[in-house]
Amino acid sequence: MLNSLFWTFWLWVIALPFAGPIKSIYIASVFFILSFLRFIKFPATISSFKDNWDEFLSKANEKIPYGYLIVRILFILSIIIIPMFLDRRANNILVDCGIYALLALGLNIAVGFAGLLVLGYIAFYAIGAYSYALLSVHFHIPFFVCVPISAGMAIIFGILLGLPVLRLRGDYLAIVTLGFGEITRIVLNNWDGVTNGPNGILGIARPSIGSFVFHSPKNYYYLILVFLFIAVFIFNRLNNSRLGRAWVAIKEDERAAKAMGINCMSLKLLAFAISAAFAGVAGAFFGAKATHVSPESFTFFESALVLCMVVLGGMGSIPGAILGASCLIIIPEIFRDYFGNSRMLLFGIVMIAMMRFKPEGLLPYKRRNL
Amino acid sequence: MKILETKQVSKHFGGIKAIEKLDISINKGEIAGLIGPNGAGKTTFFNCISGVYPLTHGKILYKDKLISNLRADEIATLGLARTFQGIRLFTSLTVLENVMVGRYSRTKCGLWGALIKPKWAREEEDSVKEKAGAYLEFVGLKDYRNELAKNLPYGCQRKLEIARAIASEPELLLLDEPAAGMNPSEVKELICLIKKIRDTGVTVLIIEHHMRMIMEICEKIIALNYGVKISEGTPLEVSNDQKVIEAYLGRENA
Amino acid sequence: MLAQQIINGLTVGSVYALIALGYTMVYGILQLINFAHGEIYMLGAYLAIIFVVSLKFSLPIAGLLPLVFLFAMFFTGCYGFTIEKFAYKPLRNAPRLSALITAVGVSIFLQNYVMLTQGAKDKVFSHLISEQINAYFSNFFSKFIPSDGSRLYICGAQIYSLQLVIIITSIILMVLLNLFVTHTKIGKAMRATAQDLKMAHLVGIKVDTVISTTFIIGSILGAAAGVMVAMYYGRVWYYIGYLAGVKAFTAAVLGGIGNIYGAMFGGLILGLTESLAAGLIPGASEWKDVFAFIILILILIFRPQGIFGERIGEKF
Ligand SMILES: Nc1ncnc2c1ncn2[C@@H]1O[C@H](COP(=O)(O)OP(=O)(O)OP(=O)(O)O)[C@@H](O)[C@H]1O
Ligand SMILES: [Mg+2]
Chain A
66 MLNSLFWTFW LWVIALPFAG PIKSIYIASV FFILSFLRFI KFPATISSFK DNWDEFLSKA
126 NEKIPYGYLI VRILFILSII IIPMFLDRRA NNILVDCGIY ALLALGLNIA VGFAGLLVLG
186 YIAFYAIGAY SYALLSVHFH IPFFVCVPIS AGMAIIFGIL LGLPVLRLRG DYLAIVTLGF
246 GEITRIVLNN WDGVTNGPNG ILGIARPSIG SFVFHSPKNY YYLILVFLFI AVFIFNRLNN
306 SRLGRAWVAI KEDERAAKAM GINCMSLKLL AFAISAAFAG VAGAFFGAKA THVSPESFTF
366 FESALVLCMV VLGGMGSIPG AILGASCLII IPEIFRDYFG NSRMLLFGIV MIAMMRFKPE
426 GLLPYKRRNL
Chain B
905 MKILETKQVS KHFGGIKAIE KLDISINKGE IAGLIGPNGA GKTTFFNCIS GVYPLTHGKI
965 LYKDKLISNL RADEIATLGL ARTFQGIRLF TSLTVLENVM VGRYSRTKCG LWGALIKPKW
1025 AREEEDSVKE KAGAYLEFVG LKDYRNELAK NLPYGCQRKL EIARAIASEP ELLLLDEPAA
1085 GMNPSEVKEL ICLIKKIRDT GVTVLIIEHH MRMIMEICEK IIALNYGVKI SEGTPLEVSN
1145 DQKVIEAYLG RENA
Chain C
55 MLAQQIINGL TVGSVYALIA LGYTMVYGIL QLINFAHGEI YMLGAYLAII FVVSLKFSLP
115 IAGLLPLVFL FAMFFTGCYG FTIEKFAYKP LRNAPRLSAL ITAVGVSIFL QNYVMLTQGA
175 KDKVFSHLIS EQINAYFSNF FSKFIPSDGS RLYICGAQIY SLQLVIIITS IILMVLLNLF
235 VTHTKIGKAM RATAQDLKMA HLVGIKVDTV ISTTFIIGSI LGAAAGVMVA MYYGRVWYYI
295 GYLAGVKAFT AAVLGGIGNI YGAMFGGLIL GLTESLAAGL IPGASEWKDV FAFIILILIL
355 IFRPQGIFGE RIGEKF
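Chains as they are written, first to last, in this note's numbering: chain A, 66 to 435; chain B, 905 to 1158; chain C, 55 to 370.
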C-alpha cells in the first residue's frame, strides 16, 4: 500500500512536465487503481464464464438428445438474425468487427501458432486491398475472382519477405515486418503512376453474384460472415493437425522441434504465408466494402490494433480473436464520446497489462484431451 | 556393423576447442556410454552429431552415409533421435501431444491433408494418436496422458522426453544425462527402460555422470576430456584406465 | 554538394547513433528489442521544448542550454527507469514474445500519452530562441571557421552551427559512455552482465541495478539526441519517435546488435547513406525513409551479425 502510494507519487512527478499538475493526478490515479489489479483475479471472470459455458454445453448434451447440436444451431441462428434488429450504423460496425476478426485470426496463425511476431501485418492487408482495387478499376475483374488473386499476391510478398528473414531470430522478424509495413505504405503513397498516391483509388466495384450486388451493410455482414466461417474452419483444421502441433513445437522450442525432424524454416514460411493470405482476403473485402482505398488506412496503428486484438483475446484462440476484435471495435465505438482520442492509449495499456497479468488472454486456447 | 562413425571431428567456439579430432564408432545394437568431467565436450559432441552445430572440421557418418552436412531436421528424419541435457519439452502441449510431435518425421500429412482431411489423413492421425499412447505406456506415463507437459514432476518429464524421442522409431538414440536429478529408485527404473529400448533394436549412446548406471548398462564406454578421447573400451577397462582416473580426480590424487 | 551531404549525413547519423546506443545496450543485456526506445527520444525532444517554452524568465543561451539538457535527461532517465520497472522487469522470465509485445504496448502508450497531453499538432519553439541558439554557436564557431553570421562554410558546404554542435556533442557523449563502461565499476558490471547474465548474478553483481542503469543511460543518450533535434528543427511531433526508433534500430543491427561501438558506426553509416542517396540520386528524396528499411533487410539477409558484431545467434 505504502509502496503503491510512493509509486503513484513518483508517476505524478514524472508526468508533471507533460501533463501539468492536475492532469498528472489523473494519470497517477489510474496507475494507483491499476496497481490493485494484482490483487484481484483480473479477468478470471471471463474464462470461468467460458468454463461454465462449456460445462453447460456438455450437461445439455447429456440431458437433451442432440443438446450440443441444438445449442450450436441456436448460436448460429442468433448470429444470422442479429443484423435484422440493428440499424445501418450498427451493422457497419459489425462488418468492421468481421474484417478485424478475419485479420486477427490470420495474424493468430503467425503469432499464436508459430510464434512469429509480425508487426507490419497490415501491409498484407494493403496488398490485398490494392490488388483488388487495381484489378477492379483497370480490368473490371469481379470481386470473387479477385479474392484468390489478392490472397495470392499477399502470399507472394509474404514468401519474398519471409524467405530471408525467417531463418533469423524472432525479434528480427518483428522489426523487418515493421519496416516492410512502412515501406509498403510509403510506396503506396509515392508511386503515383500506379497507386494514385495519397488520394488512393476510387470507384472500386462492389461484389456481386449474378445480378445481385452487395450494397447495404447487412449484405456485407453476411458476406464477411461466410468468410469468417471459412477462416474459422481453416484455422481449426490446421490447429488440430500434425502441422498445428509442429507449429506449437517451433514456437515453444525451436531446437527441440528440429530434433523431432520438423523443418522449422519451411513450416514458419507456411504459417507466414497463410497468415498473409488471410490478410489479403480481408484487404480485398475492405476495398470492396469501402469502394475506395488510400494509404492512410494502412498505418502502423492498424497493425498494432490487430496485434492488440490477438493479445487481448488470447494467442492461438479462435473465440479469443473474435472477442478481441469485437471488444476493440465495439467498445470504443460505444464510448466514442468518452474515449475520444485516448483509444490508442488504452490499447497500449491493455497490451502491457495483459502481458503482465494474463498473458494467455481472455479466452485462452485450451489443449484438447485426445 | 557400425551405425555411427565420426572421423577427425572438431568443434571450436572461437578459441575454445570443445571437440578436437574425435574418432568414434558405435556398433549397431549396443548401449554405449560417453563419459568425461564437466566441460569435456560431451554435449557439444551430441550437438554436432544431431546437426545443431556445423562442424569446424571432420566428418560424421551414420549408417555409412555422410550426415555432417545435413540440417538437424534431416538428420532426425534419418532415424537419429536425441534428448537434451536441460529438459526441452513443448511445455504448453499435453503429454500425449508431445509424443505425437515425436511422430512428426514418420508421418506426412501436410497443408492439404490437414484442410481437406481425406481418409488417409484421418487414419494417419488416428494411428499417430494410438502409437503415441502406446509409447506413453511403454515409458510408464499412461496416467498423465492429458496433463500439460509443464505440470509433470521432474522425473516424469525426463521419461516423457525419452518417449518423445523413441516415438520417431529411431535406430540410434542419444540420451544426454537422462539420470540427472533422479533418485535411486527412479534411476533403477530408467536402467530398465533403457534396456527395454535397446531390446527393441535401438542403438543407444548415453552421456551420464552416474557411474554406477554407466557401468551397469554400457557394453562400451568412451571417455572424453578437454574434447579429446582419452580412453575407450569395456566398462572394466575404462574404469581402470589411469588417464580416466586422472581426468576425474586430478593427477595428485591418482 | 558532396561535402554538404556528408555533413548532413553525419548530423542525422550521430542522432541515430545516440539512439542506437540505447537499443544496443538493452539488447546486449536482456536480448530485448526495447521497442519503446524511439519514444524516449521523442520524450526528450518534447521535454526540451516544454522547458524552454514554459520558462517565463529569459536566461542567456549559455545558461539555458545546460539546463535544457539536464532537465530533459533527468526526466527521460526517470521514464526509462520506470518503464523498465513496471513493464519489463515482471516479464524477465516470460517468453520473449511477451516482452516484445509489452514493448510495443509501451511504445503505443507513450506516443498517445504525449499526443493527449501535448496535442496532436507539432509543438514549436519560438523562432527567437532557435535563432538565438544558432547565432550563439555561429558566434562561437566563427572564431575557427569562416561564417556569414548564421551559417558556416566548410569545404564549400554551408552548414548550420547546430549541425556541428550535434556532431560534436554526440562524439563527446560517446567518449563519455566509453569511459563509463570501461572505467567505472558499474560500467564493468554492465559489460559482464551483457556477456552472461546468470554468471554475473552468481558472482554477486546486482543485476537489477545494472539493468536499471542501462535503461537510464540509454534513455539519457536518447534524450540528448531528442533535445538536439528539437533545437535543430525547432519543432517536434509525437510521431517522430517511431521512425527514428526503427532507423536507430537498423543502425544498431548494422553495427552488430549488442556492440556499443558498432551502434556508433552503424548510426553514422546509416545517416551518411541516407543523405548521400537522397542528395545524389535524383528524385530519391521522397524515398529516403525506404532506404533504411532496405538496408536493414539486406543486412539481415547477408550479414545478420552486423558489420562489427561478433555476438551471433542465440545464447543457450
Ligand atoms: N555455444 C557455445 N559457445 C561457446 N562455448 C561453448 C558452447 N557450448 C559449449 N561450449 C564450451 O565447450 C566446452 C564443452 O561444453 P559441453 O557442454 O559440451 O560440456 P559437457 O561435457 O557436456 O559438460 P557437462 O558434463 O557439464 O554437461 C565448455 O568449455 C563450454 O564452455
Ligand atoms: Mg553436457
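Ideal placement from N, C-alpha and C gives every residue a C-beta, glycine not left out. Here the structure is a predicted model, which is why all the values come from computation and not from measurement.
Asked                                                                                                                                                                 : Found
Got a sec? Which residues, its chain only, sit under 8 Å from B/Ile964 by beta carbon, not counting five neighbours each side?                                        : Leu908, Glu909, Thr910, Lys911, Val913, Cys952, Ile953, Leu970, Ile971 and Ser972
Check the Cβ-Cβ distances between B/Phe994 and every residue of chain A, and say whether any is below 8 Å.                                                            : yes
Can you find the residues in the same chain that come closer than 8 Å, C-beta to C-beta, to A/Tyr74, ignoring five residues on each side of it along the sequence?    : Checking the sequence, you will find Phe at residue 74 of chain A rather than Tyr. So the qualifying residues of the chain are Ala93.
So, for B/His1113: in the same chain, excluding its five sequence neighbours on each side, which residues have a beta-carbon less than 6 Å away from its beta-carbon? : none
Taking C-alpha atoms, which residue in B/Asp977, B/Phe988 and B/Trp1016 lies nearest to B/Gly955?                                                                     : B/Asp977
Measure the beta-carbon distance from C/Ile159 to A/Ile417 and round it to whole angstroms, keeping in mind my assumption that it falls under 8 Å.                    : First, the amino acid is wrong: residue 159 of chain C is Gly here, not Ile. Indeed they touch by this definition, with Cβ atoms about 4 Å apart.
In angstroms with no decimal places, state the Cα-to-Cα distance between C/Gly367 and B/Tyr957.                                                                       : Caution applies to C/Gly367, whose pLDDT of 39 falls short of 50 and renders its modelled position unreliable; the model cannot decide the point.
Ligand 2 and B/Asp1103: does the residue's C-beta get closer than 7 Å to at least one heavy atom of that ligand?                                                      : no
What distance in whole Å lies between the Cβ atoms of C/Ser204 and C/Ser196, which are believed to be in contact at a cut-off of 8 Å?                                 : Contact flag wrong, Cβ pair sits at about 10 Å.
Quick check: the Cα distance between C/Gly117 and A/Arg154, rounded to an integer number of angstroms?                                                                : 58 Å
Can you list, in chain order, the residues of the region 411–434 of chain A whose Cβ is nearer than 7 Å to any Cβ on chain C?                                         : Phe412, Gly413, Ile414, Met416, Ile417, Met420, Arg421 and Pro424
If I measure Cβ to Cβ from A/Arg408 and keep anything under 8 Å in the same chain, skipping five residues before and after, which residues do I get?                  : Pro397
So B/Cys1013 and A/Arg320 are supposed to be a Cβ contact under 8 Å. How far apart are they, rounded?                                                                 : 23 Å between Cβ atoms; not a contact.
Report the residues of the region 320–343 of chain A with a CB closer than 9 Å to any CB of chain B, ordered along the chain.                                         : Arg320, Ala321, Ala322, Lys323, Ala324, Met325, Gly326, Ile327, Asn328, Cys329, Met330, Leu335 and Ile339
If the cut is a Cβ gap below 9 Å, which residues of chain B does A/Ile295 touch?                                                                                      : None at all; the shortest Cβ gap to chain B is about 11 Å.
Examine the Cβ distances between the region 228–245 of chain C and the region 311–324 of chain C and report whether three or more of them are shorter than 8 Å.       : yes
Assign A/His203 to one of three DSSP states: helix, strand, or coil.                                                                                                  : helix
Less than 8 Å between CB atoms is the rule here; does A/Arg234 satisfy it with respect to chain B?                                                                    : no
Suppose the cutoff is 7 Å on Cβ atoms and the five residues either side in sequence are ignored; what does the same chain contact list for A/Ser368 look like?        : Leu184, Gly185, Tyr186, Ile187 and Gly246
If contact means a Cβ-Cβ distance below 8 Å, which residues of the region 908–924 of chain B contact chain A?                                                         : none
Under 6 Å Cβ to Cβ from B/His916, same chain only, skipping five residues before and after it: list those, please.                                                    : Thr960
Give me the Cα-Cα distance between B/Ser1072 and B/Arg975, rounded to the nearest whole angstrom.                                                                     : 17 Å
Less than 6 Å between C-beta atoms, sequence neighbours within five positions excluded: which residues of the same chain meet that for C/Tyr286?                      : Leu216
Leaving out five residues before and five after C/Cys209 in sequence, what residues of the same chain have Cβ atoms less than 8 Å from its Cβ?                        : Ala57
So, at 8 Å on beta carbons, what are the nonlocal neighbours of C/Ile83 in its own chain, with the 5 sequence-adjacent residues on each side left out?                : Met244, Thr247, Ala248, Leu251, Val264, Ile265 and Thr268
Following a CB-centred definition, is A/Phe140 positioned closer than 7 Å to any heavy atom of ligand 1?                                                              : no
When a residue counts only if its C-beta is closer than 6 Å to some heavy atom of ligand 1, which residues count, in chain order?                                     : B/Phe917, B/Ile920, B/Ala922, B/Gly940, B/Asn942, B/Gly943, B/Ala944, B/Gly945, B/Lys946, B/Thr947, B/Thr948, B/Gln989 and C/Phe370
Could you tell me which whole beta strand (DSSP E) segments of length 3 or greater appear in the region 1064–1105 of chain B?                                         : 1076–1080
Using beta-carbon positions only, say whether B/Ile1066 and B/Val1043 come within less than 8 Å of one another.                                                       : yes
When every heavy atom of ligand 2 is checked, does at least one fall within less than 7 Å of the C-beta of B/Asp1145?                                                 : no
Taking 7 Å as the line, does the beta carbon of B/Asp1047 fall inside it for any heavy atom of ligand 2?                                                              : no
I'd like to know whether the C-beta of A/Leu172 is nearer than 8 Å to at least one C-beta of chain C.                                                                 : no
Examine ligand 2 and report whether any of its heavy atoms sits within less than 7 Å of the Cβ of B/Ile1080.                                                          : The amino acid occupying residue 1080 of chain B in the given sequence is Asp; Ile does not appear at that position. Answer for B/Asp1080: yes, Cβ within range of ligand 2.
Give me the residue from C/Gln85, C/Phe140, C/His91 and C/Met79 with the minimum Cα distance to A/Leu99.                                                              : C/Phe140
Buried or exposed: which applies to C/Phe370, given that a residue is buried once 16 or more other Cβ atoms fall within 10 Å of its Cβ?                               : Reliability of the predicted coordinates at C/Phe370 is poor, the pLDDT of 32 falling under 50, and the value obtained from them is presented with this limitation in mind. So C/Phe370 ends up on the exposed side.
What residues from the region 158–186 of chain C come within 9 Å of chain A, judged by C-beta to C-beta, listed N to C?                                               : Val158, Gly159, Val160, Ser161, Ile162, Phe163, Leu164, Gln165, Asn166, Tyr167, Val168, Met169, Leu170, Thr171, Gln172 and Ala174
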